[in-house]
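Okay, so here's the structure we're looking at.
Protein chains in written order, with the working numbering: chain A, 1 to 306; chain B, 1 to 338.
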């Protein structure tokens, strides 16, 4: 078998091993279970949003104006009421959840991919690569990221979902890279890595067959952190009214609801529901991460004492 | 060379380099944004004064403004001029939004609000969080410790702006007891009267609280784990064997050692404070530099935006440098090496 094929099979095998392990740990640890159930429910809700809204709005787009009567108070047909242009707010919230989740998941995945590659280069190869990673992360730590993102958001008015996710990934990957690099540094000192070296396994073999499978839980934690980092930046900017107006994420919806005077009108339910969904994303990913940390980092458990 | 001198020199060189690199990145990043600030500025002036110049005059006006704002020549010339002005005259150039006031004067007007609101909140949060966290860690099996810890754990997972939304919703609208916009009642004139100071406090309460609640939670958690790690140390056992009072062991042995990393953490968190001020001040219309930054971005005010970024970079790196240099003075275990 050629190298590429080997790579794919070994990656698949370790993924399967991880999935099996993950299911076991899900049952072992309440936090991981609650967190992943909540997170995957949110993903499912976001994925099903087009179908749900298709049924709710009988084929119309959630952003189409004048579909219903204007400024309706919450009722059975419209659980959150309608806005000043006659759009159903529940449909808007669901569409916002979909946009928020897509951005978070894409940028989280890209950031993790970059972080893992860079961390391997820096942690395993060391030397000059490690120096470069350190100085890049140090500089990014000093540059105020939020304002930089704000500057970009203020001027890039027309931008698609993917570009926006890429931009957020650029800002969040260094953090994931730092954690993963530290883990690689510990893993490469393990006895089985020495054994693999003595038995003549190549560097790539060691990276993919020996280190990567043991790294997977930490990659998931890194993915969670990158996802939350992107969502944190994106939502914060949207809350103060920056960013592309055609991508209506949950953060932007909160900003719009406040601008439309929903607070002064005393119509709190749409704001409460939107904020609750956003908080739920953060809490579920955090629970998942804390649970994974407890299982795979038992030393930490003693410290947090949970 | 003696290790101390060598260490300090190395650290200072790294400090200067970081500032230089970070500010260079900021300079070019902002200029990469497509936009024509001079055009926007002049059309604003024309709209204000309803004056339409001829083509020749217009070109002269544009050139003159470009010179004044430091936007003539190619990007590299602009960069060299920018550095020259900053280093030689400590001048950031005039602000667009408040011409001809130099950007640094404008920033100096807004800065006290941010320091007053968020600097103060950050210190309160740090002190409060460390005291609570140390107590919770010290008595980790007590009845009151657990609920505080779980509350903190929950709060620390939630971004601060959601706390702000909830506070605005509950105290600003549902109960309608606290103001949610501005820094003081608009009908008051800033002075030292009792009425003004109460108004100041009242208006600062919600923005400050939304920042304090989440960061207290963060400090509680890190301090608690720090204390718990120390609990198993031999020197605590020894101190107890010597017959020292529990309170003395707590203050002089456990707390003192746990505070050091927390102090570094505080220096590291300064960057976050600036980012936080940007969101919080804009949510509450609080007139600090975060708010000014929002206005300046909207008007493509290069000089002001750059100035604010520079100040925040400078503050964060300086705090870290001071921490690194002072650390061995506070902690005798650490020696200056290499």
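The C-beta atom is built at its ideal place from N, Cα and C for all residues, glycine as well.
Presumed contact (8 Å Cβ cut-off) between residue 121 of chain B and residue 211 of chain B, rounded CB distance: The count along the second chain starts at 1 and reaches residue 121 of chain B at position 121. The count along the second chain starts at 1 and reaches residue 211 of chain B at position 211. Right, the Cβ-Cβ distance comes to about 5 Å (below 8 Å), so this counts as a contact.
Proximal residues to residue 33 of chain A (C-beta, below 6 Å), its chain only, five neighbours per side dropped: Sequence index remark: in the first chain, residue 33 of chain A carries index 33 (1-based). Within the same chain, residue 33 of chain A has close Cβ partners 26.
Cutoff 8 Å: residue 139 of chain A Cβ touching any chain B Cβ: Working through the first chain from its first residue, we reach residue 139 of chain A at position 139. Chain B contact via Cβ: present.
Contact list for residue 286 of chain A against chain B, beta-carbon separation under 7 Å: Numbered from 1 along the first chain, position 286 holds the residue referred to as residue 286 of chain A. Those within 7 Å of residue 286 of chain A in chain B are 157.
C-beta atoms of residue 95 of chain B and residue 144 of chain A nearer than 8 Å: The residue given as residue 95 of chain B occupies position 95 in the second chain. The residue given as residue 144 of chain A occupies position 144 in the first chain. In this structure, residue 144 of chain A does not lie closer than 8 Å to residue 95 of chain B by Cβ.
Closer than 8 Å to chain B by CB, residue 303 of chain A: For this step, residue 303 of chain A is matched to residue 303 along the first chain. With a pLDDT of 44 at residue 303 of chain A, under the threshold of 50, the modelled position of this residue cannot be trusted, and the question is left open.
Near-chain B residues of the region 264-276 of chain A - C-beta to any C-beta below 8 Å: 264, 266, 268, 271, 272, 275
Straight-line gap, residue 129 of chain B to residue 255 of chain B (C-alpha atoms, nearest Å): Locating residue 129 of chain B in the second chain gives position 129, counting from the first residue. Locating residue 255 of chain B in the second chain gives position 255, counting from the first residue. Cα-Cα distance, rounded: 13 Å.
Contact list for the region 263-289 of chain B against chain A, Cβ threshold 7 Å: 271, 274, 275, 278, 279, 282, 283
Pairwise C-alpha distance: residue 293 of chain A and residue 208 of chain A: For the purposes of this step, residue 208 of chain A is taken as residue 208 along the first chain, with counting starting at 1. For the purposes of this step, residue 293 of chain A is taken as residue 293 along the first chain, with counting starting at 1. Cα-Cα distance, rounded: 22 Å.
Exposed unless 16 or more other CB atoms sit within 10 angstroms - verdict on residue 147 of chain A: Taking the first residue of the first chain as 1, we reach residue 147 of chain A at position 147. Result: buried.
Closest residue to residue 233 of chain A among A:125, A:252, A:80 (Cα-Cα distance): Counting from 1 along the first chain, the entry for residue 233 of chain A is found at position 233. With distances taken between Cα atoms, residue 233 of chain A lies closest to A:252.
Alpha carbon of residue 178 of chain A to alpha carbon of residue 236 of chain B, nearest angstrom: Position 178 of the first chain, counted from the start, is the residue given in the question as residue 178 of chain A. Position 236 of the second chain, counted from the start, is the residue given in the question as residue 236 of chain B. Rounded to whole angstroms, residue 178 of chain A to residue 236 of chain B spans 33 Å at the Cα level.
CB contact below 8 Å: residue 338 of chain B versus chain A: Against the second chain, residue 338 of chain B aligns to sequence position 338. The predicted model places residue 338 of chain B with a pLDDT of 40, which falls under 50 and marks its position as unreliable; any figure quoted below should be read in that light. No, residue 338 of chain B lies away from the interface with chain A (no Cβ there is under 8 Å from its Cβ).
Coil, strand or helix - residue 85 of chain A by DSSP: Along the first chain, one-based indexing puts residue 85 of chain A at 85. Residue state, collapsed to three classes: coil.
Minimum Cβ-Cβ distance from residue 159 of chain A to chain B less than 8 Å: By 1-based counting over the first chain, the position of residue 159 of chain A is 159. It does not: the Cβ of residue 159 of chain A has no partner Cβ on chain B nearer than 8 Å.
Burial state of residue 13 of chain B (16 or more Cβ within 10 Å): Taking the first residue of the second chain as position 1, residue 13 of chain B is located at position 13. Classification of residue 13 of chain B: exposed, given that the 10 Å Cβ count is below 16.
Close-in-space but distant-in-sequence residues of the same chain around residue 237 of chain A (CB under 7 Å, 5 per side omitted): To locate residue 237 of chain A, count along the first chain from 1; it is residue 237. Once the five neighbours on either side are set aside, the close Cβ partners of residue 237 of chain A are 149, 150, 153, 243.
One or two residues paired with residue 94 of chain B in a DSSP bridge: Numbered from 1 along the second chain, position 94 holds the residue referred to as residue 94 of chain B. Paired residues: B:102.
Minimum length 4: unbroken alpha helix (DSSP H) runs contained in the region 116-176 of chain B: 120-138, 145-156, 160-167
CB contact flag (residue 102 of chain B, residue 117 of chain B, <8 Å): Translated into positions along the second chain, residue 102 of chain B becomes position 102. Translated into positions along the second chain, residue 117 of chain B becomes position 117. Result no, Cβ atoms of residue 102 of chain B and residue 117 of chain B do not sit closer than 8 Å.
Nearest-angstrom Cα separation, counted from residue 299 of chain B out to residue 55 of chain B: Counting from one through the second chain, the residue named residue 55 of chain B turns up at place 55. Counting from one through the second chain, the residue named residue 299 of chain B turns up at place 299. Going from the Cα of residue 55 of chain B to the Cα of residue 299 of chain B covers about 24 Å.
Span of the alpha helix (DSSP H) around residue 61 of chain A: Residue mapping note: residue 61 of chain A aligns to position 61 of the first chain, counting from 1. No alpha helix (DSSP H) contains residue 61 of chain A, which DSSP labels as neither H nor E.
Cβ-Cβ separation, residue 214 of chain A to residue 315 of chain A (assumed contact under 8 Å), whole Å: Residue 315 of chain A falls outside the range modelled here, since chain A spans only 1 to 306, and no answer is possible.
Pairwise C-alpha distance: residue 199 of chain A and residue 137 of chain B: Residue mapping note: residue 137 of chain B aligns to position 137 of the second chain, counting from 1. Residue mapping note: residue 199 of chain A aligns to position 199 of the first chain, counting from 1. Approximately 48 Å, taken between the alpha carbons.
Residues of its chain near residue 345 of chain B, where Cβ-Cβ distance is below 6 Å and the 5 sequence neighbours each way are ignored: Since the first residue shown for chain B is 1 and the last is 338, residue 345 of chain B is missing from the structure and cannot be characterised.
Where the region 77-108 of chain A meets chain B: residues whose CB sits under 9 Å from a CB there: none
Near-chain A residues of the region 177-188 of chain B (beta-carbon distance less than 9 Å), N- to C-terminal order: 180
Contacts that residue 161 of chain B makes with chain A (C-beta to C-beta distance below 7 Å): Residue numbering aside, residue 161 of chain B sits at position 161 when the second chain is read from its first letter. The contacting residues are 236, 239.
Burial state of residue 90 of chain B (16 or more Cβ within 10 Å): Within the second chain, numbered from 1, the residue matching residue 90 of chain B stands at position 90. Result: exposed.
Nonlocal neighbours in the same chain, by C-beta distance under 8 Å from residue 99 of chain A, ignoring five residues either side: Reading the first chain from its first residue, position 99 is the one you call residue 99 of chain A. Contacts found: 161, 247, 248, 249, 250.
Close-in-space but distant-in-sequence residues of the same chain around residue 273 of chain B (CB under 7 Å, 5 per side omitted): Position 273 of the second chain, counting from 1, holds the residue named residue 273 of chain B. Excluding positions up to five away in sequence, the list reads 118, 122.
Residue-chain proximity (residue 22 of chain B, chain A), Cβ-Cβ < 8 Å: Position 22 of the second chain, counted from the first residue, corresponds to residue 22 of chain B. Closer than 8 Å: yes.
Cβ shell of residue 304 of chain A (< 7 Å), same chain only, five flanking positions each side left out: Start at 1 with the first residue of the first chain, and residue 304 of chain A comes out as number 304. The pLDDT assigned to residue 304 of chain A is 47, lower than 50, so where the model puts this residue is not dependable; a value taken from the coordinates is nonetheless given after this. Taken in chain order, the list of residues that qualify is empty.
Where the alpha helix (DSSP H) through residue 75 of chain A begins and ends: By 1-based counting over the first chain, the position of residue 75 of chain A is 75. Counting along the chain, residue 75 of chain A falls outside any alpha helix (DSSP H), and DSSP gives it neither H nor E.
Nearest-angstrom Cβ-Cβ length linking residue 239 of chain A and residue 286 of chain B, presumed shorter than 8 Å: Looking up residue 239 of chain A in the first chain gives position 239. Looking up residue 286 of chain B in the second chain gives position 286. The Cβ separation is near 15 Å, so there is no contact.
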